[in-house]
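Enquirer: Protein sequence lines, in the order shown, are assigned to chains S and B.
When the letters of the first sequence are read in order and numbered with this note's numbering, they come out as residues 3 to 203.
When the letters of the second sequence are read in order and numbered with this note's numbering, they come out as residues 60 to 322.
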Amino acid sequence: MAEPHLEPPEDDYVLLGRIRTGDAAALGVLYDRHGPVAYTLAKALTGSGATAEEIVCDAFAHVWQSSATFDVQRGSPVAWLLTITRSRALDWRRKHNRQTHLLEKAASAAPDGWALPVSSPGDAPDRSAEKMETRRLVQSSLDELPEAQRRVIELAYFGGLTQTEIAAELDQPLGTVKTRMRSGMSKLRDSLRFLFAPPEP
Amino acid sequence: MTGENEQSLAAAYALDVLEESEKAAFEQRLAASPALQQEVRELAGVVELLAYGIETATPPPALRTRILAAAGEERRAPHSAPAAVPPPRARYLPWVAAAAAIILSLGMGLAFWYERADREALETAFQAASADRLVRDARLAAQDSVLAAVLGAGVRTAGLAAPGEAPAARVYLNAERQMLVLAAHSLPPAPPGRTYQLWGLLPQGEAVSLGIFDTQPGTGQSVITFHLPAGVLPGATAVTEEPEGGSSRPTSEPRLSGQFGAN
């Protein structure tokens, strides 16, 4: 007799598998799930909705064309998508930001930072309870970070600044920046661990 | 335990802001250190989540249309050549989803996964991730056994297909553990009152029932483990559609079948 079987996943890996076979409908589903967060990221990094659209379009085109080379070990499909999106957005910033190497005052270097503190539902176009919970947890984790650590991570994440550039920008020793980035990321890993833990049976 | 300097390099690497000049050296250390790989895996997981901390912006509906139109216009040839294997950077995943996802990926029919070397890379990634302190959990034992059955040395595999069609499922036969894992990825659920039944085909021509199963509506997927009766080592397997509850003998031609190749 058959053993009780595992929960079959309706997850992104399976979608990507379908995308590999040329299934455009699966690409549509992937967009429905993760298009909005990719757009949010691109818009926050470039400050422009129109540019964000171009970038997201490119990112999905890349997923569509390169899905056959996606390796399960590389990470999740959404991580891949967001990495492509962020990479292109940072490229755009470097190309279009006249002050690429003249770093502005810390406060304006990342104008569209994280949404802190946790706000009321507001404009949450994606009403999935799970995504709202993820957002809430990520935002409160960021809120709990010491300001100095969050600032360093913010400049790296939104500005694409290296540790050396951050040190110059904030007028801090490189060692301090390294410590703050390390500690901040470590704290985030701890507070976000519930998003990594195996699900309850 | 990685040192503090390495941890800060790992953080920069995960954020994709490690200086170019430091990247090559770091990647060399990464390749040689499972502990450092684990560190990077976890931090990359954090970076992935940071996007969700941003105030959400709604894309215009036209964007979806545009993306699908662009995809529709492209003629994509089915991928045939195996891709180069990137350095293992397995993400930190919920294990039920991970186990089934890996098995279904194995079932997708990519030549990439059939080579023994690649399966070993997957096993290495699995081992490394299992060693993580936050993943140790008694519940993992169930998922571990399925993956172990699939990834063990000497496991034989076969695609199950209808004549002339691409495989709709893949089976993994682990003789040592007397287990067979079926990963169905595009098999529509059986009609009401009917079920699928998996048969092991013995060299003498006899068909032994291994069990009944069904797939998820909407996805056509399932990952199911079957226990092999003692002494039963099929050279091939087949799926037939049977009345609910199964039959003692196949009552129709196989819906899907496949022979185990030499490994």
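Each residue gets a CB set at the ideal place from its N, CA and C atoms; glycine is no exception.
Predicted model, so just to flag it, every value in this text is computed and none were measured.
(1) Select from S/Lys189, S/Arg191, S/Gly161 the residue whose C-alpha is nearest the C-alpha of S/Gly49.
(2) For a contact meaning CB atoms closer than 9 Å, what does B/Pro262 contact in chain S?
(3) Could you check the C-alpha separation between B/Pro120 and B/Ala83 for me, to the nearest Å?
(4) With a cut-off of 9 Å, does the C-beta of S/Met183 fall near any C-beta of chain B?
(5) Which residue's Cα is closest to the Cα of B/Ser281: B/Tyr255, B/Gly112, B/Gln237, B/Pro251?
(6) Roughly how far, in whole angstroms, is the beta-carbon of B/Pro262 from the beta-carbon of B/Gly294, given that I think they are within contact range, below 8 Å?
(7) Start and end of the beta strand (DSSP E) containing S/Glu156?
(8) Give the single residue among S/Ile86, S/Ser143, S/Ala54 whose Cα lies nearest to the Cα of S/Ser69.
(9) Provide the residue span of the alpha helix (DSSP H) that contains B/Pro120, from first to last.
(10) Does the pairing of the region 123–134 of chain B with the region 170–188 of chain S give three or more beta-carbon distances under 8 Å?
(11) Can you give me the start and stop residues for the beta strand (DSSP E) that B/Gly294 sits inside?
(12) How should S/Asp192 be labelled, buried or exposed, when 16 other C-beta atoms within 10 angstroms of its C-beta is the threshold for buried?
(13) Just tell me which of B/Ala217, B/Leu292, B/Ala103 has its CA closest to the CA of S/Ser78.
(14) Beta carbons nearer than 7 Å to chain B: which residues of the region 31–50 of chain S have them?
(15) Closer than 8 Å by C-beta to B/Ser307: which residues in its own chain qualify, once you throw out the five before and the five after it? Chain order, please.
(16) Using the rule of at least 16 other Cβ atoms within 10 Å of the residue's Cβ for burial, across every protein chain shown, is S/Asp34 buried or exposed?
(17) Which bits of chain S does B/Leu89 rub up against, with CB to CB less than 9 Å?
(18) Short check: CB of B/Asp75 to CB of B/Val105, under 9 Å?
(19) With 16 other CB atoms within 10 Å as the buried threshold, where does S/Arg20 fall?
(20) Rounding to the nearest angstrom, what Cα-Cα distance links S/Leu139 and S/Lys133 in this structure?
(21) Does the beta carbon of B/Ser67 come closer than 9 Å to any beta carbon on chain S?
(22) With DSSP as the reference, label B/Leu74 as helix, strand or coil.
(23) Assuming B/Thr296 and B/Leu260 make a contact with CB atoms under 8 Å, what is their CB distance in whole Å?
(24) Say whether chain S places a C-beta atom closer than 9 Å to the C-beta of B/Leu109.
(25) Does DSSP put B/Val214 in a helix, in a strand, or in coil?
(26) What are the start and end residues of each continuous beta strand (DSSP E) run of 3 or more residues lying completely inside the region 223–298 of chain B, in chain order?
(27) Counting C-beta neighbours from all protein chains within 10 Å, is the total for B/Ser311 16 or more, i.e. buried, or is it exposed?
(28) Excluding the 5 residues flanking S/Ala150 on each side, which residues of the same chain have their C-beta closer than 8 Å to its C-beta?
(29) Is it right to say S/Asp14 is buried, meaning 16 or more other beta carbons lie within 10 angstroms of its own, or is it exposed?
Expert: Short version:
(1) Within the first sequence, residue 49 of chain S is the residue found at index 47, counting from 1. Closest option to S/Gly49, Cα to Cα, is S/Gly161.
(2) The residue you call residue 262 of chain B lines up with position 203 of the second sequence. For a Cβ distance threshold of 9 Å, nothing in chain S lies close to B/Pro262: the least Cβ distance comes to about 23 Å.
(3) Your numbering for residue 120 of chain B matches position 61 in the second sequence. Your numbering for residue 83 of chain B matches position 24 in the second sequence. B/Pro120 and B/Ala83: Cα-Cα distance of roughly 42 Å.
(4) Mapped onto the first sequence, residue 183 of chain S falls at position 181. Cβ-Cβ to chain B under 9 Å: yes for S/Met183.
(5) Translated into positions along the second sequence, residue 281 of chain B becomes position 222. When each option's Cα is compared against that of B/Ser281, the closest is B/Tyr255.
(6) The residue labelled residue 262 of chain B in the question sits at position 203 within the second sequence. The residue labelled residue 294 of chain B in the question sits at position 235 within the second sequence. Right, their Cβ atoms sit about 5 Å apart.
(7) Numbered from 1 along the first sequence, position 154 holds the residue referred to as residue 156 of chain S. Note, S/Glu156: premise wrong, no beta strand (DSSP E); alpha helix (DSSP H) at 149–161.
(8) Residue 69 of chain S sits at position 67 when you count from the first residue of the first sequence. The option with the nearest alpha carbon to S/Ser69 is S/Ile86.
(9) Locating residue 120 of chain B in the second sequence gives position 61, counting from the first residue. 120–132 is the extent of the alpha helix (DSSP H) around B/Pro120.
(10) no
(11) Reading the second sequence from its first residue, position 235 is the one you call residue 294 of chain B. It is not in any beta strand (DSSP E) - B/Gly294 carries neither H nor E in the DSSP assignment.
(12) Against the first sequence, residue 192 of chain S aligns to sequence position 190. With fewer than 16 Cβ atoms within 10 Å of its Cβ, S/Asp192 is classed as exposed.
(13) One-based indexing of the first sequence puts residue 78 of chain S at position 76. Of the candidates B/Ala217, B/Leu292, B/Ala103, the one whose C-alpha sits nearest the C-alpha of S/Ser78 is B/Ala103.
(14) Tyr33, Gly37, Pro38, Val39, Tyr41, Thr42, Leu43, Lys45, Ala46
(15) Here the question's residue 307 of chain B lines up with position 248 in the second sequence. Closer than 8 Å at the Cβ level, and outside the excluded window around B/Ser307, lie Ser268.
(16) Residue numbering aside, residue 34 of chain S sits at position 32 when the first sequence is read from its first letter. It counts as exposed.
(17) Translated into positions along the second sequence, residue 89 of chain B becomes position 30. Here the premise fails: no neighbours, minimum Cβ distance about 14 Å.
(18) As a working note, residue 75 of chain B is residue 16 in the second sequence. As a working note, residue 105 of chain B is residue 46 in the second sequence. Not in contact: B/Asp75 and B/Val105 (Cβ atoms no closer than 9 Å).
(19) Within the first sequence, the letter at position 18 stands for residue 20 of chain S. S/Arg20 comes out buried.
(20) Within the first sequence, the letter at position 137 stands for residue 139 of chain S. Within the first sequence, the letter at position 131 stands for residue 133 of chain S. Approximately 10 Å between the Cα atoms of the pair.
(21) For the purposes of this step, residue 67 of chain B is identified with residue 8 of the second sequence, where counting begins at 1. Yes, because at least one Cβ of chain S sits closer than 9 Å to the Cβ of B/Ser67.
(22) Here residue 74 of chain B refers to the residue found at position 15 when the second sequence is read from its first residue. Three-state result, B/Leu74: coil.
(23) Reading the second sequence from its first residue, position 237 is the one you call residue 296 of chain B. Reading the second sequence from its first residue, position 201 is the one you call residue 260 of chain B. With 8 Å as the limit, B/Thr296 and B/Leu260 qualify as a contact, their Cβ atoms being about 6 Å apart.
(24) Here residue 109 of chain B corresponds to residue number 50 of the second sequence, with the count starting at 1. Yes - at least one Cβ of chain S is within 9 Å of the one on B/Leu109.
(25) What you label residue 214 of chain B is simply residue 155 of the second sequence in a count that begins at 1. Note: B/Val214 maps to coil in three-state DSSP.
(26) 228–233, 238–243, 253–260, 266–272, 281–286
(27) On the second sequence, position 252 is the one that residue 311 of chain B refers to. It is exposed - the Cβ of B/Ser311 has fewer than 16 other Cβ atoms within 10 Å.
(28) Stepping through the first sequence from its first residue, residue 150 of chain S is reached at position 148. Once the five neighbours on either side are set aside, the close Cβ partners of S/Ala150 are Arg182.
(29) The sequence position of residue 14 of chain S within the first sequence is 12, counting from 1. Classification of S/Asp14: buried, given that the 10 Å Cβ count is 16 or more.
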